[in-house]
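Right, one structure below, let's go through it.
Number of protein chains: 2
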Amino acid sequence: MAASRGVRHDAMRARNMAVVLGAIHRTGPLSRAALAESTGLTKTTVSKLVSDLLEAGAVSERGAVRGGERGRPGVAVSLSGERVAALGLEINIDYLAACVVDLTRAVRLRRTRTADNRNSNPGDTLEALRRLADEVVAEAAADGLRVIGAALAVPGLVEGGLLRNAPHLGWRDVRVTGLPDVPYTIDNEANLAALGELWFGSGAADFLYVSGEIGIGAGLVVDGSLFRGAYGLAGEIGHVVVVPDGPPCRCGGRGCLEVYAGQDALLTALGDAPADPPAEDPPAGLRGDVPAGLPGGGTAGVAELVARLEAGDGEALAACDRAGHALGVALTSAVHLLDPGRIVLGGVYAPLFPWLSGPAAETLTAHLGHLRATPELAVSQIGSDAAVLGAAGLVIQDLLADPVTVLGL
Amino acid sequence: MAASRGVRHDAMRARNMAVVLGAIHRTGPLSRAALAESTGLTKTTVSKLVSDLLEAGAVSERGAVRGGERGRPGVAVSLSGERVAALGLEINIDYLAACVVDLTRAVRLRRTRTADNRNSNPGDTLEALRRLADEVVAEAAADGLRVIGAALAVPGLVEGGLLRNAPHLGWRDVRVTGLPDVPYTIDNEANLAALGELWFGSGAADFLYVSGEIGIGAGLVVDGSLFRGAYGLAGEIGHVVVVPDGPPCRCGGRGCLEVYAGQDALLTALGDAPADPPAEDPPAGLRGDVPAGLPGGGTAGVAELVARLEAGDGEALAACDRAGHALGVALTSAVHLLDPGRIVLGGVYAPLFPWLSGPAAETLTAHLGHLRATPELAVSQIGSDAAVLGAAGLVIQDLLADPVTVLGL
DNA sequence: GGTATTAGTCCATAATCTGTACATAATCCT
DNA sequence: AGGATTATGTACAGATTATGGACTAATACC
Numbered sequence: 001m002a003a004s005r006g007v008r009h010d011a012m013r014a015r016n017m018a019v020v021l022g023a024i025h026r027t028g029p030l031s032r033a034a035l036a037e038s039t040g041l042t043k044t045t046v047s048k049l050v051s052d053l054l055e056a057g058a059v060s061e062r063g064a065v066r067g068g069e070r071g072r073p074g075v076a077v078s079l080s081g082e083r084v085a086a087l088g089l090e091i092n093i094d095y096l097a098a099c100v101v102d103l104t105r106a107v108r109l110r111r112t113r114t115a116d117n118r119n120s121n122p123g124d125t126l127e128a129l130r131r132l133a134d135e136v137v138a139e140a141a142a143d144g145l146r147v148i149g150a151a152l153a154v155p156g157l158v159e160g161g162l163l164r165n166a167p168h169l170g171w172r173d174v175r176v177t178g179l180p181d182v183p184y185t186i187d188n189e190a191n192l193a194a195l196g197e198l199w200f201g202s203g204a205a206d207f208l209y210v211s212g213e214i215g216i217g218a219g220l221v222v223d224g225s226l227f228r229g230a231y232g233l234a235g236e237i238g239h240v241v242v243v244p245d246g247p248p249c250r251c252g253g254r255g256c257l258e259v260y261a262g263q264d265a266l267l268t269a270l271g272d273a274p275a276d277p278p279a280e281d282p283p284a285g286l287r288g289d290v291p292a293g294l295p296g297g298g299t300a301g302v303a304e305l306v307a308r309l310e311a312g313d314g315e316a317l318a319a320c321d322r323a324g325h326a327l328g329v330a331l332t333s334a335v336h337l338l339d340p341g342r343i344v345l346g347g348v349y350a351p352l353f354p355w356l357s358g359p360a361a362e363t364l365t366a367h368l369g370h371l372r373a374t375p376e377l378a379v380s381q382i383g384s385d386a387a388v389l390g391a392a393g394l395v396i397q398d399l400l401a402d403p404v405t406v407l408g409l
Numbered sequence: 001m002a003a004s005r006g007v008r009h010d011a012m013r014a015r016n017m018a019v020v021l022g023a024i025h026r027t028g029p030l031s032r033a034a035l036a037e038s039t040g041l042t043k044t045t046v047s048k049l050v051s052d053l054l055e056a057g058a059v060s061e062r063g064a065v066r067g068g069e070r071g072r073p074g075v076a077v078s079l080s081g082e083r084v085a086a087l088g089l090e091i092n093i094d095y096l097a098a099c100v101v102d103l104t105r106a107v108r109l110r111r112t113r114t115a116d117n118r119n120s121n122p123g124d125t126l127e128a129l130r131r132l133a134d135e136v137v138a139e140a141a142a143d144g145l146r147v148i149g150a151a152l153a154v155p156g157l158v159e160g161g162l163l164r165n166a167p168h169l170g171w172r173d174v175r176v177t178g179l180p181d182v183p184y185t186i187d188n189e190a191n192l193a194a195l196g197e198l199w200f201g202s203g204a205a206d207f208l209y210v211s212g213e214i215g216i217g218a219g220l221v222v223d224g225s226l227f228r229g230a231y232g233l234a235g236e237i238g239h240v241v242v243v244p245d246g247p248p249c250r251c252g253g254r255g256c257l258e259v260y261a262g263q264d265a266l267l268t269a270l271g272d273a274p275a276d277p278p279a280e281d282p283p284a285g286l287r288g289d290v291p292a293g294l295p296g297g298g299t300a301g302v303a304e305l306v307a308r309l310e311a312g313d314g315e316a317l318a319a320c321d322r323a324g325h326a327l328g329v330a331l332t333s334a335v336h337l338l339d340p341g342r343i344v345l346g347g348v349y350a351p352l353f354p355w356l357s358g359p360a361a362e363t364l365t366a367h368l369g370h371l372r373a374t375p376e377l378a379v380s381q382i383g384s385d386a387a388v389l390g391a392a393g394l395v396i397q398d399l400l401a402d403p404v405t406v407l408g409l
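Here the protein sequences come in this chain order: P and X. Residue 1 is where the first sequence starts when you use UniProt numbering, and the numbers rise one by one after that. Residue 1 is where the second sequence starts when you use UniProt numbering, and the numbers rise one by one after that.
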């Protein structure tokens, strides 16, 4: 626990600045008088703070606000999408992505480069990412937007600004450098995807975002903020135990969710590579072949799976059914332990949602019993953009939380 | 999200008061000069704040502090255990408990009344609790201690200060009233036990406290604060799925941890009441009779179980082994989802620790594979007092977090 | 015993918010 | 149409709290 420091007048002012900006952000355009009302500050104080926010380009005046009442009309103050923006970046297994989001969380630019980053050289990949970033920053500048910070999503474990381990990239202990000259942070892709769903998705403030990819990750958002656990490793739902004596998983354990509902398990329905022998003695409800399969290959495979499902292919439907039931078991444990508000399925689960959600919900309801209501199962609204958007959103969040520091007021 | 309010000078002062008191609490006796150094405030400011804390009885001067250095020696300022105290209360299935803890977190009084509160009348039980509370408050007053707040631990679901449902007490929607005339809060027993372990136990700031009782609850502490989930229902480890098609649980689900490792399951080893038919088709590693049994009866049963274990009784050892393995499976899921720092076993698991921890750790390590190191399994240091102590500790915590409000400075 | 050094207090100054007064701009009413 | 009414936003004096340097106090070193 860092020894907390005393606060001075400037901290009080910084706090009030954040309170005013936060009120504008939450409630939408407000007059100075309404801001004074909702924050408990006086009109005088609000006026001074708003004038500084105007100067910094964080807010703008948008003509009169009328409530049909008598008296002088107020001047609406709203977040300005014209001056400052955030840069979101993502390195993933088969692409690089960048986006620019303005202060109103409107997506202004989005750019993706396909690239095979499996076992790539970090230097080369980062150089390509830098070019992409420079490009979008320049385009944003042409729109009058100043990028005030960046965040980078990576498919791996991040600790203290250092990418410790990204198995699918084959990277270990990589320090990211050479990005555009703004403050930046780096975080795990699943975490940022959950935040992306928070800020750009359905708008709920409490949910568990479950992202099916090669592995299966989850990010828990409680009251609008991300739960990370003691070491930042929380949400590893892919290795929750579904069957204690199930087939071995690549993690070294047995019967993990990933074995039943990972991308590879789903794609074995395509008949590509039933690599391992069938599971030994799986209990009822999870019977059937569950090879710890080999890749059916990227998102193309998922598109083909969806095509087969739509065509009513029995094998494909059975694979989804099996995965859905396994997901339901894992979600039962997750609901009891994490108590999420609702459950959002993203990643490859988003296109498969129509076939997965039924079995998953059924199993979940059966196992939850009467202790609590079954949380709503919803599909992610933003699909594969979740992580980049979440990264940009994180920068915006930081700005809203402390505008004085971020904007140098 | 409550609209956050602007802060004024008094909030700045309140914050600094908490910072100063927190520094004293964390670091132990400190001179005013050292406080100024560690908080970043000036000596003048610290002096004024300390003088108010002295007057309120929160801190006391304890003679000179010498570092062997030259110059005028500082006056050590430390938390005062002489003036203010907190009241912890607990209603449980077979007893009522109360304790008084002073500001230094020293336990000054502890009192337990055995009482059968199963399906009791809330009014009668609360009246008995009030008498107990009045008694200890009076005794504390005789010691010069002013009780500034109380917290009550109950075995049930609490929402907004209201006890929504306590199945073992047979209470629903009870509002607690008539306690001594101080501010009080009410919270779930497992949550408060976890906090008790935080403040009165091993001193770790990150852990999952697992409490075996009739049911099995858990409280997750991350960086010194409790994780509650979206609706305050997090940590229900007792109904994590261990075997998807296991025997039915009283919750309506199947194969929950509680079925394998609850107090009743453990006590069936005593041969008291194998009430239900044996489980159908449990997979290897969890084979054996696992009746969703009836009570073997209170802590007396546990004492007998321990006696048999010490005597090397095969049936008892097998029950513990089975429960330990099931616990290991559930903990695997918990570790992946919650990422706790370590795992502390309490409640009836504390006396059974020598027989449970081996199998549990073995299963946990096997299932975690190489993804992460196995968290340390530790035994709770405070046993059955955890919840009352946690309740009192919560009040102390509130005081330390905001001394101005709590002490009326 | 004198000097250096550190602790704690005093007082003038600075930063920020509050509260009242006032100019401004709209609607309402006659 | 014109004045009354009402609400917005700004100006200025006053209150609160922290800062910073000067000053007193107490101890160690020489």
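C-beta: ideal position from N, C-alpha, C; glycine also.
Could you name each continuous alpha helix (DSSP H) segment of 4 residues or more that falls completely within the region 320-380 of chain P, going from the start of the chain to the end?
The qualifying runs are 349-368.
Report yes if the CB atom of ALA128 (chain X) is closer than 9 Å to the CB atom of ARG113 (chain X), and no otherwise.
Stepping through the second sequence from its first residue, residue 128 (chain X) is reached at position 128. Stepping through the second sequence from its first residue, residue 113 (chain X) is reached at position 113. Their beta carbons are under 9 Å apart, which means ALA128 (chain X) touches ARG113 (chain X) by this criterion.
Is there a Cβ of chain X sitting closer than 9 Å to that of GLU236 (chain P), yes or no?
Stepping through the first sequence from its first residue, residue 236 (chain P) is reached at position 236. Closer than 9 Å to some Cβ of chain X, the Cβ of GLU236 (chain P) qualifies, so yes.
If I measure Cβ to Cβ from LEU35 (chain P) and keep anything under 8 Å in the same chain, skipping five residues before and after, which residues do I get?
Residue 35 (chain P) sits at position 35 when you count from the first residue of the first sequence. The residues are VAL20, ALA23, ILE24, LEU41, VAL46, VAL50 and VAL77.
Is the distance from the Cβ of LEU157 (chain X) to the Cβ of GLY253 (chain X) below 9 Å?
Here residue 157 (chain X) refers to the residue found at position 157 of the second sequence. Here residue 253 (chain X) refers to the residue found at position 253 of the second sequence. No.
I'd like to know if THR185 (chain P) contacts chain X, where contact means its C-beta is closer than 9 Å to some C-beta of that chain.
By one-based count along the first sequence, residue 185 (chain P) stands at place 185. For THR185 (chain P), the answer is no, since every Cβ of chain X falls outside 9 Å of its Cβ.
Let me see if you follow: with CB-CB separation under 9 Å, is TYR349 (chain X) close to chain P or not?
Here residue 349 (chain X) refers to the residue found at position 349 when the second sequence is read from its first residue. TYR349 (chain X) does not count as touching chain P.
Check for me: the alpha helix (DSSP H) holding LEU195 (chain P) runs from which residue to which?
Here the question's residue 195 (chain P) lines up with position 195 in the first sequence. Start and end: 189-200.
Any C-beta of chain X sitting closer than 9 Å to the C-beta of PRO244 (chain P)?
Within the first sequence, numbered from 1, the residue matching residue 244 (chain P) stands at position 244. So yes, PRO244 (chain P) belongs to the interface.
CA-to-CA distance, ALA218 (chain P) to VAL348 (chain P), given in whole angstroms
In the first sequence, the residue the question calls residue 348 (chain P) occupies position 348. In the first sequence, the residue the question calls residue 218 (chain P) occupies position 218. Approximately 13 Å between the Cα atoms of the pair.
Helix, strand or coil: which one does DSSP assign to PRO295 (chain P)?
What you label residue 295 (chain P) is simply residue 295 of the first sequence in a count that begins at 1. Per-residue confidence for PRO295 (chain P) stands at a pLDDT of 40, beneath the threshold of 50, marking its modelled position as unreliable; the derived number appears in the next sentence. If DSSP states are grouped into helix, strand and coil, PRO295 (chain P) belongs with coil.
Taking all protein chains shown into account, do 16 or more other C-beta atoms lie within 10 angstroms of the C-beta of LEU162 (chain P), making it buried, or fewer, making it exposed?
The count along the first sequence starts at 1 and reaches residue 162 (chain P) at position 162. With fewer than 16 Cβ atoms within 10 Å of its Cβ, LEU162 (chain P) is classed as exposed.
Cβ-based burial, HIS370 (chain P) [other Cβ within 10 Å; buried from 16]
Indexing the first sequence from 1 puts residue 370 (chain P) at position 370. Its Cβ having fewer than 16 others within 10 Å, HIS370 (chain P) is exposed.
Limits of the beta strand (DSSP E) - the one that ASP173 (chain X) falls within
Within the second sequence, the letter at position 173 stands for residue 173 (chain X). Counted as a single uninterrupted DSSP element, the beta strand (DSSP E) harbouring ASP173 (chain X) occupies residues 171-174.
Quick check on ARG105 (chain P) - is its C-beta less than 9 Å from some C-beta in chain X?
Translated into positions along the first sequence, residue 105 (chain P) becomes position 105. No, its Cβ sits nowhere closer than 9 Å to a Cβ of chain X.
Residue-level contact to chain X via CB, LEU233 (chain P), 9 Å cutoff
Position 233 of the first sequence, counted from the first residue, corresponds to residue 233 (chain P). With 9 Å as the cut-off, LEU233 (chain P) counts as an interface residue toward chain X.
Let's test the definition: count the other Cβ atoms within 10 Å of the Cβ of PRO340 (chain P) and tell me whether it reaches 16, buried, or not, exposed.
Here residue 340 (chain P) refers to the residue found at position 340 when the first sequence is read from its first residue. Counting Cβ neighbours within 10 Å, PRO340 (chain P) comes out buried, since at least 16 surround it.
Closer than 9 Å between beta carbons: that is the criterion. Which residues of the region 2-18 of chain P meet it against chain X?
Hits within the stretch, in order: ALA3, SER4, ARG5, GLY6, VAL7, ARG8, HIS9, ALA11, MET12, ARG15, ASN16 and ALA18.
Counting only runs that start and end within the region 98-151 of chain X, where is the beta strand (DSSP E) found for 3 or more residues in a row?
Inside the region 98-151 of chain X, DSSP marks whole beta strand (DSSP E) runs of 3 or more residues at positions 107-114, from first to last along the chain.
Is the beta carbon of GLU61 (chain X) closer than 9 Å to that of VAL75 (chain X)?
Translated into positions along the second sequence, residue 75 (chain X) becomes position 75. Translated into positions along the second sequence, residue 61 (chain X) becomes position 61. Their beta carbons are under 9 Å apart, which means VAL75 (chain X) touches GLU61 (chain X) by this criterion.
State yes or no: is the C-beta of LEU266 (chain P) within less than 9 Å of the C-beta of VAL302 (chain P)?
Taking the first residue of the first sequence as position 1, residue 266 (chain P) is located at position 266. Taking the first residue of the first sequence as position 1, residue 302 (chain P) is located at position 302. Against a cut-off of 9 Å, the Cβ pair of VAL302 (chain P) and LEU266 (chain P) comes out as a contact.
Strictly under 9 Å for the Cβ-Cβ distance: is GLY253 (chain P) near chain X by that measure?
Here residue 253 (chain P) is taken as the residue at index 253 of the first sequence, counted from 1. Taking 9 Å as the threshold, the shortest C-beta distance from GLY253 (chain P) to chain X falls below it.
Less than 8 Å between the CB atoms is what I'm expecting for ALA334 (chain P) and VAL240 (chain P), so what's the real figure, rounded?
Sequence index remark: in the first sequence, residue 334 (chain P) carries index 334 (1-based). Sequence index remark: in the first sequence, residue 240 (chain P) carries index 240 (1-based). The pair is a contact, with the Cβ atoms about 7 Å apart (cut-off 8 Å).
Is TYR260 (chain X) helix, strand or coil when you go by DSSP?
Translated into positions along the second sequence, residue 260 (chain X) becomes position 260. In the displayed model, TYR260 (chain X) falls within a helix according to three-state DSSP.
Under 8 Å from the C-beta of HIS168 (chain X): neighbouring residues of chain P
As a working mapping, residue 168 (chain X) is identified with position 168 in the second sequence. None at all; the shortest Cβ gap to chain P is about 14 Å.
Please name the residue, chosen from X:PRO403, X:VAL344 and X:LEU364, that lies closest to GLY383 (chain X) on a Cα-to-Cα basis.
On the second sequence, position 383 is the one that residue 383 (chain X) refers to. Among X:PRO403, X:VAL344 and X:LEU364, the Cα nearest to that of GLY383 (chain X) is on X:VAL344.
Determine whether the Cβ of PRO340 (chain X) lies closer than 9 Å to any Cβ atom of chain P.
Numbered from its first residue, the second sequence carries residue 340 (chain X) at position 340. For PRO340 (chain X), the answer is yes, since a Cβ of chain P falls inside 9 Å of its Cβ.
Give the range of the beta strand (DSSP E) segment to which ALA85 (chain X) is assigned.
The residue labelled residue 85 (chain X) in the question sits at position 85 within the second sequence. Looking at the DSSP string, the run of the beta strand (DSSP E) that includes ALA85 (chain X) is 84-91.
With a Cβ-Cβ cutoff of 9 Å, do GLY235 (chain P) and LEU208 (chain P) count as a contact?
Taking the first residue of the first sequence as 1, we reach residue 235 (chain P) at position 235. Taking the first residue of the first sequence as 1, we reach residue 208 (chain P) at position 208. A contact, by the Cβ cut-off of 9 Å.
For PRO180 (chain P) and ASP94 (chain P), the rounded distance between their alpha carbons:
Translated into positions along the first sequence, residue 94 (chain P) becomes position 94. Translated into positions along the first sequence, residue 180 (chain P) becomes position 180. Spanning the two alpha carbons is a distance of roughly 22 Å.
So, helix, strand or coil for GLY252 (chain X), using DSSP?
Along the second sequence, read from residue 1 onward, the residue named residue 252 (chain X) stands at position 252. Three-state result, GLY252 (chain X): coil.
Nearest by alpha-carbon distance to ALA205 (chain X): which of X:SER211, X:ALA18, X:LEU195 and X:GLY212 is it?
The residue you call residue 205 (chain X) lines up with position 205 of the second sequence. Measuring from the Cα of ALA205 (chain X), the nearest candidate turns out to be X:LEU195.
Could you tell me whether any Cβ in chain X is nearer than 9 Å to the Cβ of ASP206 (chain P)?
Walking along the first sequence from the start, residue 206 (chain P) turns up at place 206. With 9 Å as the cut-off, ASP206 (chain P) counts as an interface residue toward chain X.
Taking SER4 (chain X) as the reference, which of P:ARG15, P:ALA361, P:ASP398 and P:ASN121 has the closest Cα?
Start at 1 with the first residue of the second sequence, and residue 4 (chain X) comes out as number 4. From the listed residues P:ARG15, P:ALA361, P:ASP398 and P:ASN121, the smallest Cα separation to SER4 (chain X) is found for P:ARG15.
For ALA18 (chain P), collect the residues of the same chain with a Cβ closer than 8 Å to its Cβ; drop the 5 residues on either side in sequence, then sort them by chain order.
Here residue 18 (chain P) refers to the residue found at position 18 of the first sequence. Excluding sequence neighbours, ALA18 (chain P) sits near LEU400, ALA401, ASP402, PRO403 and VAL404.
Whole-angstrom distance between LEU364 (chain X) and VAL329 (chain X), CA atom to CA atom
In the second sequence, counting from the first residue as 1, residue 329 (chain X) sits at position 329. In the second sequence, counting from the first residue as 1, residue 364 (chain X) sits at position 364. Straight-line Cα distance between these residues: approximately 6 Å.
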